[in-house]
Amino acid sequence: MAGKRKGTAPAPEREKLEFGFDGVLAGPRAEIEKRLREQNFPHAVLLEAGDSALSRRAALTAAAGLLCGARGDRPCGRCAACAKVRAGSHPDLTILQGSGGQRSLHVEDIRALRRDSIVLPNEAEVKVYVLLGAQEMSEQAQNALLKVLEEPPERVRFLLTCDDRAHLLSTVLSRCTCYSLDGGRLVGADGRAREIVVAIAAAVTGPGELELMRCTAAFEKDRQLMAEVLAQLTLLFRRAMIFKTGRDMQESPEADEAVRKLAAGFSIGRLAALIQAVRTVEDCMARNANQNLMITRLSALLRSAAGR
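Numbers 1 to 308, taken from our numbering, label the letters of the sequence shown in order.
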């Protein structure tokens with residue numbers, strides 16, 4: 001498995017890779033570069049960014065730094081190891097990626113990774129596994145990964161990328177050092193959808209139902225918009241759950257104000273109920289239920305889950 005790209009879709013081309021952390025926020029960039037320079041890199045790192053190209057470039061740059069044979073700033077970009085990473089031929093670098101769909105990175109891929117991880121490196125001091133789009137892992141795959149993250153082989157490093165850490169199990173997150181490369185923004189939503197998501201989050205904390213009904217009125221003639229907002233609401237509520245535990249307090253100080261307000265206004269149980277309310281409506285959409293009835297039900301379920 002080492003040096004090969006496995007998974008349900010081919011990894012992106014790396015022949016034109018330019019090393020660098022351009023676009024990464026100053027704080028996480030400085031810490032990642034320092035850890036690479038001092039060869040004090042955690043055994044598992046999660047790189048979170050709404051821009052998948054940014055997280056991919058950062059992950060492969062970090063991988064090159066871990067495999068680089070130079071001293072000082074790493075990756076040097078000039079040694080044989082860096083050249084092999086750039087060409088996609090380093091025997092101690094393995095990249096996994098799903099097909100781009102939810103749960104498309106399967107448990108079989110992770111089990112193969114675990115088996116391969118106990119084999120010693122071929123050339124470098126460590127073996128590096130890059131999991132691009134870790135949000136595509138099924139729950140089974142995440143639990144399989146957890147087993148190796150809990151007791152990682154000494155000469156192995158894991159680099160995961162994701163668009164939002166809320167997709168991942170809290171047990172997986174607890175075994176990773178997490179860096180928000182672009183501030184932990186809501187991703188995948190255009191300006192209008194994001195505006196509605198934030199407005200709904202504010203409305204569920206309020207005492208009345210009118211504001212929530214105003215927010216959801218935008219869905220009457222736009223089913224796709226409703227689907228996008230529901231998906232982003234789930235992520236927002238999950239981020240609030242994570243933030244409430246305190247883990248995000250230091251790792252992502254740029255967290256959205258909406259996340260902070262939700263974490264302050266609701267218990268973890270209430271936030272879980274809000275997520276379930278959204279999923280119930282998403283199930284209705286999957287069964288092609290009447291649009292107006294779904295809008296009405298969404299408002300009612302959110303109010304009930306919020307204890308209003």
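From the three backbone atoms N, C-alpha and C, an ideal C-beta is built for every residue, glycine too.
Residue burial annotation: LYS34 is exposed, with fewer than 16 other C-beta atoms found within 10 angstroms of its C-beta.
Listed in chain order, the beta strand (DSSP E) runs fully inside the segment 111-189 are 127-132, 156-162 and 177-180, counting runs of at least 3 residues. If you look at ALA231, you'll find it in the alpha helix (DSSP H) that goes 223-244. Less than 8 Å divides the Cβ of VAL85 from the Cβ of LEU67.
Contact annotation: VAL172 and LEU132 have beta-carbon atoms that are not nearer than 8 Å. Contact check for GLU48 against ASP164 passes: the beta carbons are separated by less than 8 Å.
When C-beta atoms of the segment 24-40 are compared with those of the segment 49-64, three or more pairs fall below 8 Å, so the two segments count as touching.
Shown here for VAL229: same chain residues with a beta carbon closer than 8 Å to its own, the five before and five after excluded, namely ALA189, ALA193, ILE196, VAL197, ILE200 and PHE219 in chain order.
Classified as buried, SER299 has 16 or more neighbouring CB atoms from the shown chains inside 10 Å of its CB.
Assignment of LEU47 by DSSP, reduced to helix, strand and coil, places it in the strand class.
In the same chain as PHE158, and ignoring 5 residues on each side of it, the C-beta atoms closer than 6 Å to its own belong to ALA44 and TYR129, in chain order. Within its own chain, no residue has a Cβ closer than 7 Å to the Cβ of GLY206 once the five positions on either side in sequence are excluded.
In the structure shown, GLN97 falls within a strand segment according to DSSP collapsed to helix, strand and coil. Three or more Cβ pairs drawn from the segment 261-271 and the segment 233-243 lie within less than 8 Å of each other, which places the two stretches in contact.
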